[in-house]
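Let me begin by presenting the structure, written as structure tokens, before commenting on it.
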Amino acid sequence: MSFLTLKDVSFQYPNGFKAVNQVNMSFERGEAVAIIGQNGAGKTTTVKMMNGLQKPTEGDVLVDGWNTKDYTTAQISRKVGYVFQNPDDQIFHNDVYSEIEFGPKNLGLSPEQVEENVMKSAELAGVVPFLKENPYNLPYSMRKFVTIASVIAMNSSVIILDEPTAGQDLKALERLSNLIKTLNDEGKTVITITHDIEFVVHHFERVIVMANQQVIADANKREIFWDFDILEKAMLKQPHISRLSNSLKIDGDILEITELTERLKRKTAKV
Ligand SMILES: Nc1ncnc2c1ncn2[C@@H]1O[C@H](COP(=O)(O)OP(=O)(O)OP(=O)(O)O)[C@@H](O)[C@H]1O
Ligand SMILES: [Mg+2]
10 MSFLTLKDVS FQYPNGFKAV NQVNMSFERG EAVAIIGQNG AGKTTTVKMM NGLQKPTEGD
70 VLVDGWNTKD YTTAQISRKV GYVFQNPDDQ IFHNDVYSEI EFGPKNLGLS PEQVEENVMK
130 SAELAGVVPF LKENPYNLPY SMRKFVTIAS VIAMNSSVII LDEPTAGQDL KALERLSNLI
190 KTLNDEGKTV ITITHDIEFV VHHFERVIVM ANQQVIADAN KREIFWDFDI LEKAMLKQPH
250 ISRLSNSLKI DGDILEITEL TERLKRKTAK V
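If you want the numbering used here, it's the 1-based position in the sequence shown plus 9.
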């Protein structure tokens with residue numbers, strides 16, 4: 010059985026709108042998975058059900074054998090950590106250190122262990138220089154890293170990042186890549202929602218596509234980004250290099266620049 014499973018899950022908001030409709034997905038330990046899709050597709054609502062922030066109105070979410078209906082969000086977040094799409098919905102302390110230490114402290118860890126977790130996650134997220142700062146004095150992009158650090162500090166098996174790439178510059182994206190890789194290498198499952206297709210191509214193999222409150226594809230990135238039917242349904246563009254290869258009529262379902270140069274080399278060698 011998978012570590013995390015959504016089984017025929019739907020979610021209806023109190024106003025009657027069904028934001029998630031009959032969704033199935035499952036994740037193993039140590040996986041890195043991207044979830045993509047247009048605004049309003051149902052991505053955030055789906056992942057909020059993975060750590061119990063929302064409970065499905067139909068179907069079941071199973072985390073390490075627990076049905077989320079039977080547990081509190083506090084209990085489930087020991088296993089599945091969720092970094093909010095908007096950091097301002099998550100931050101509630103007046104200094105970065107307190108914000109990050111809140112989670113591990115609540116887990117009942119020893120003061121030494123709490124400090125170790127705080128420092129390790131602050132370092133990974135690049136927020137060590139700001140530990141004494143008020144998070145609200147930091148720019149949005151850095152506040153996002155503060156919220157990432159506070160979730161990592163809880164050392165949960167699954168970490169969900171909701172739009173971590175939004176508003177980040179190249180240096181921050183590099184830090185994010187390194188962070189995802191480090192967590193993965195530690196055996197953690199990392200689920201990332203993003204609108205940044207290039208980031209997906211560079212960091213993930215498995216991609217889940219949502220459109221109109223449903224999952225319309227769950228496959229390897231190469232299958233997804235060369236399936237024009239899926240891309241059209243989800244109103245997604247191909248990665249830059251795929252578009253270029255396509256217009257040059259170079260086959261091989263290319264996603265990355267190295268693949269394109271390799272193909273071109275072989276093509277010119279034949280001439
Ligand atoms: N509290 C709410 N009450 C009613 N409808 C809501 C509520 N929150 C979200 N929705 C609606 O549910 C749908 C799915 O929202 P959700 O936030 O899950 O989408 P998303 O895929 O994460 O979008 P985005 O890319 O913009 O973050 C949207 O149409 C949204 O307007
Ligand atoms: Mg969202």
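For each residue, glycine too, the CB sits at the ideal point set by N, CA and C. Quantities reported herein were computed from a predicted structural model and do not represent experimental measurements.
Report whether the distance from the Cβ of residue i to the nearest heavy atom of ligand 1 is below 8 Å.
{"i": "E108", "result": "no"}
{"i": "M59", "result": "no"}
{"i": "M219", "result": "yes"}
{"i": "A43", "result": "no"}
{"i": "V209", "result": "no"}
{"i": "A7", "result": "With the chain covering only 10 through 280, there is no way to say anything about residue 7."}
{"i": "Q223", "result": "no"}
{"i": "P23", "result": "yes"}
{"i": "Q47", "result": "yes"}
{"i": "H204", "result": "yes"}
{"i": "T156", "result": "no"}
{"i": "A50", "result": "yes"}
{"i": "T174", "result": "no"}
{"i": "T191", "result": "no"}
{"i": "T55", "result": "yes"}
Please state the DSSP three-state secondary structure of residue i.
{"i": "Q247", "result": "coil"}
{"i": "E207", "result": "helix"}
{"i": "Q84", "result": "helix"}
{"i": "M10", "result": "coil"}
{"i": "F78", "result": "Just to set this straight, residue 78 is Lys in the shown sequence, not Phe. Three-state result, K78: helix."}
{"i": "F154", "result": "helix"}
{"i": "L62", "result": "coil"}
{"i": "L15", "result": "strand"}
At which residues does the alpha helix (DSSP H) containing residue i begin and terminate?
{"i": "T55", "result": "52 to 57"}
{"i": "E232", "result": "230 to 234"}
{"i": "K274", "result": "266 to 279"}
On the DSSP letters alone, give me the boundaries of the beta strand (DSSP E) that residue i sits inside.
{"i": "I45", "result": "41 to 45"}
{"i": "D238", "result": "That residue, D238, is in no beta strand (DSSP E); its alpha helix (DSSP H) goes 237 to 242."}
{"i": "I217", "result": "215 to 220"}
{"i": "Q31", "result": "27 to 36"}
{"i": "E67", "result": "67 to 72"}
For a test of your reading of the model: does the CB of residue i fall under 8 Å from any non-hydrogen atom of ligand 4? Yes or no.
{"i": "P65", "result": "Only ligand 1 and ligand 2 can be found as ligands here, which leaves ligand 4 out of the picture."}
Legend entry - Residue ranges of each beta strand (DSSP E) within the segment 87 to 138, 3 or longer: Runs of the beta strand (DSSP E) inside the segment 87 to 138: 89 to 92.
Legend entry - Continuous alpha helix (DSSP H) assignments of at least 4 residues falling wholly in the segment 160 to 203: The segment 160 to 203 contains these whole alpha helix (DSSP H) runs: 179 to 194.
Legend entry - Heavy atoms of ligand 2 versus C-beta positions, residues under 7 Å: Any heavy atom of ligand 2 counts here; residues with a Cβ closer than 7 Å to one of them, in chain order, are K52, T53, Q94, D171, E172, I202.
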